[in-house]
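Participant: Per full-length UniProt numbering, the sequence shown starts with residue 1, numbered consecutively.
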Amino acid sequence: MNQKEFIQLLRQMPLYGEMKAQNPLLKIGQYFTVLKEWYQKVEEQLDEKTGSFGVSDAV
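#1: How far does the alpha helix (DSSP H) with L15 in it reach, from first residue to last?
#2: Hey, how far is the Cα of E37 from the Cα of Q3?
#3: Run through DSSP, which three-state label would L46 get?
#4: Give every residue of the same chain whose Cβ lies closer than 6 Å to the Cβ of V59, excluding the five residues on either side of it in the sequence, and list them in chain order.
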């Protein structure tokens, strides 16, 4: 995965402010649930493309 693809994935990340604007009763816990689901999808996409995330290997 190159930098451009990675940035596109980040742009798809749900933002708390936007979600709060659409639903003023949104709780922070609900946001983190959505964020976790988004991250799992990203992780699956990364696994399909590269076999690993790559960042954890460098640390």
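Cβ atoms here follow ideal geometry from the backbone N, Cα and C, with glycine treated the same way. It should be emphasised that the depicted structure is a prediction, and the values quoted were computed from it without experimental measurement.
Facilitator: To lay it out plainly:
#1: No alpha helix (DSSP H) contains L15, which DSSP labels as neither H nor E.
#2: Straight-line Cα distance between these residues: approximately 22 Å.
#3: In the three-state reduction of the DSSP assignment, L46 falls in the helix class.
#4: Unreliable placement is indicated for V59, whose pLDDT of 45 sits below 50; no coordinate value is reported for it.
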